[in-house]
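**Q**
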Amino acid sequence: MKIKKYIEIVTSPIGGLNLMPQKILLNLYEKLSKNYSKVKISIINNLDDLNNLVEKKPDLVVSGIKYLLFDKNSKKRDSIKKIWFPDFLEKHHILYTGSSKNALKLEFDKSIAKQRIRDSGLNTALSFLAKPNQYNKDTLPLPFPLFVKPLYEGDSRGIDENSLVHTYKEYKYKVKSIFDEQQTISLVETYLSGKEYTVAIIEDFKNSSYNIYPIELIAEKNSKGDRILGFYDKQRDREQSLKIKDKNIKKIISSLAIDAFKALKAKGYGRIDIKLNDKGIPYFIEANLVPGLGYGYFYRCYNLNTGQEHETMILDIVQSTFYKKLK
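FYI, in my numbering the residues of the sequence shown are 1 to 327.
#1: Indicate the three-state DSSP secondary structure (helix, strand or coil) for VAL290 in the structure shown.
#2: Nearest CA to the CA of SER208: which residue from GLY194, LYS105, LYS325?
#3: Helix, strand or coil for LYS247? Go by DSSP, reduced to three states.
#4: Does PRO86 come out as helix, strand or coil in the three-state DSSP assignment?
#5: Any contact of the region 206-220 with the region 171-179, i.e. 3+ C-beta pairs under 8 angstroms?
#6: Within its chain, find whatever has a CB closer than 8 angstroms to the CB of SER111; leave out the 5 residues flanking it on each side and keep chain order.
#7: Would you decide whether TYR323 is buried or exposed? Buried here means 16 or more other CB atoms lie within 10 Å of its CB.
#8: How many Å lie between SER120 and GLU55 at the Cα?
#9: Just verifying my parser: in three-state terms, what is the DSSP assignment at PHE40?
#10: For ASN223, count neighbouring C-beta atoms within 10 Å of its own C-beta (all shown protein chains included) and say buried if the count is 16 or more, exposed if not.
#11: Where do the N-terminal and C-terminal ends of the alpha helix (DSSP H) with LYS172 fall, by residue?
#12: Could you work out which residue in LEU60, GLY64, ILE65, ILE41 is closest to HIS93 when comparing CA atoms only?
#13: Does PHE128 come out as helix, strand or coil in the three-state DSSP assignment?
#14: Quick one: what does DSSP say ASN211 is sitting in, helix, strand or coil?
#15: Would you call the CB atoms of VAL304 and ILE24 closer than 8 angstroms?
#16: Could you tell me the alpha carbon to alpha carbon distance between ILE185 and GLU30, rounded to whole angstroms?
#17: Let me confirm a value: SER12 is counted as buried when at least 16 other C-beta atoms fall within 10 Å, else exposed. Which label applies?
#18: Do ILE258 and ILE333 count as a contact pair if the criterion is CB distance below 8 angstroms?
#19: Would a C-beta distance cut-off of 8 angstroms place LEU69 and ILE14 closer than the cut-off?
#20: Here's a check: name, in chain order, each residue in its chain whose Cβ is nearer than 6 angstroms to the Cβ of PRO132, leaving out the five neighbours to either side.
#21: Taking Cβ to Cβ, would you say GLU189 is nearer than 8 angstroms to GLY158?
#22: In the DSSP assignment, what are the bridge partners of PHE108?
#23: Helix, strand or coil for ALA200? Go by DSSP, reduced to three states.
#24: So the alpha helix (DSSP H) LYS267 belongs to, where does it begin and stop?
#25: Rounded to whole angstroms, what is the Cα-Cα separation between ASP71 and ILE43?
#26: Using the C-alpha atoms, what's the distance from GLY194 back to ASN277?
#27: Could you name the residues of the same chain whose beta carbon sits closer than 8 angstroms to that of LEU229, not counting the 5 residues immediately before and after it, in chain order?
#28: Per DSSP, which residues does ILE63 bridge with? Please list them.
#29: Excluding sequence positions up to five away, which residues of its chain have a Cβ less than 8 angstroms from the Cβ of THR331?
#30: Can TYR283 and LEU192 be called in contact, C-beta distance under 8 angstroms?
#31: Between the alpha carbons of PRO329 and ILE274, how many angstroms are there, rounded?
The structure is reproduced here in structure tokens:
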């Protein structure tokens, strides 16, 4: 017997973020249609599409959108004209998966997210913002080695074998490369040389609790001998995803992840990236509060910790969200 609920799976190609590609859309549609009486897909290309979504009055939106822009600034991450999708849905009293506007705004700007983490008494690497020619080698705020990445991008976009820099020449090259190719300034951090982890979190709204699923990630060595999880490595699945066997490590990684999730006021589900320093102390790296719902890191976290398949993960998120209360 199917549950009598109307679900809209919603995404948009605007801005090139590609948070929910067609393959994932169809996969979600197939699995949700087995369990719910009415499931539809909406692609938001313009304001009319957005308003049509409201008129449909779905019981729940499974969201693959952070924000929308309907003008020439669509690809400008720092545009102040954003329509934050969760905010729009809340104003129309529509239930949705994932976090609110305020949490997404924190996640969106990595430097602001890191400051919120620091203000909450949690570990995150020292950092500064940089644009081309802003600093010379004598005025750099932090010593080498440093890690350089785009301020706004997710999914490791802009991260490659040149992201770890040991000299001013390497630093200067990477900051300019990010500015030219990603149209954003750089977030420059003290490099953390320890192991890397990612943690999926699914909130259980019915029981006011959280399910936490950490795994270890091991990147292949690149041409420089470094293990960097870059964009193209992730696209080609060149890294290993491992279940954490050490109970103490699993505990401290999970603890930092859920503390960071709460500090960012995240809701529903999300993924927190963590890395150890050379002394084995865990540090918050960044959050992804609209993680992919395909077979990537979020699913690997879930599967390696529960042994359950993809459909069960999707149903866990959706079924829980029906107990979420809008403001």
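Using N, Cα and C, we set each Cβ at its ideal position, and we do this for glycine too.
**A** Judging by the given coordinates:
#1: coil
#2: LYS325
#3: helix
#4: helix
#5: no
#6: SER127, LEU129, LEU151, LEU187
#7: exposed
#8: 41 angstroms
#9: Per the sequence presented here, residue 40 reads as Lys, with Phe not at that position. In the structure shown, LYS40 sits in a strand (DSSP, three-state: E or B).
#10: Just to set this straight, residue 223 is Ser in the shown sequence, not Asn. Classification of SER223: exposed, given that the 10 Å Cβ count is below 16.
#11: 168-182
#12: LEU60
#13: strand
#14: strand
#15: Looking at the sequence shown, residue 304 is not Val but Leu. Not a contact, by the Cβ cut-off of 8 angstroms.
#16: 40 angstroms
#17: buried
#18: The displayed coordinates of the chain run from 1 to 327. Any statement about residue 333 would go beyond what the structure contains.
#19: yes
#20: VAL175, LYS176, PHE179
#21: no
#22: In DSSP, PHE108 forms no bridge with anything.
#23: strand
#24: Counting along the chain, LYS267 falls outside any alpha helix (DSSP H), and DSSP gives it neither H nor E.
#25: 17 angstroms
#26: 5 angstroms
#27: SER156, ILE159, GLU196, LEU217, ALA219, GLU239
#28: Before going further, note that residue 63 is Ser rather than Ile in the sequence given. Paired residues: VAL10.
#29: No information on residue 331 is available, as it lies outside the stretch 1 to 327 that the chain covers here.
#30: yes
#31: Because the chain is modelled from 1 through 327, residue 329 falls outside the range shown and cannot be assessed.
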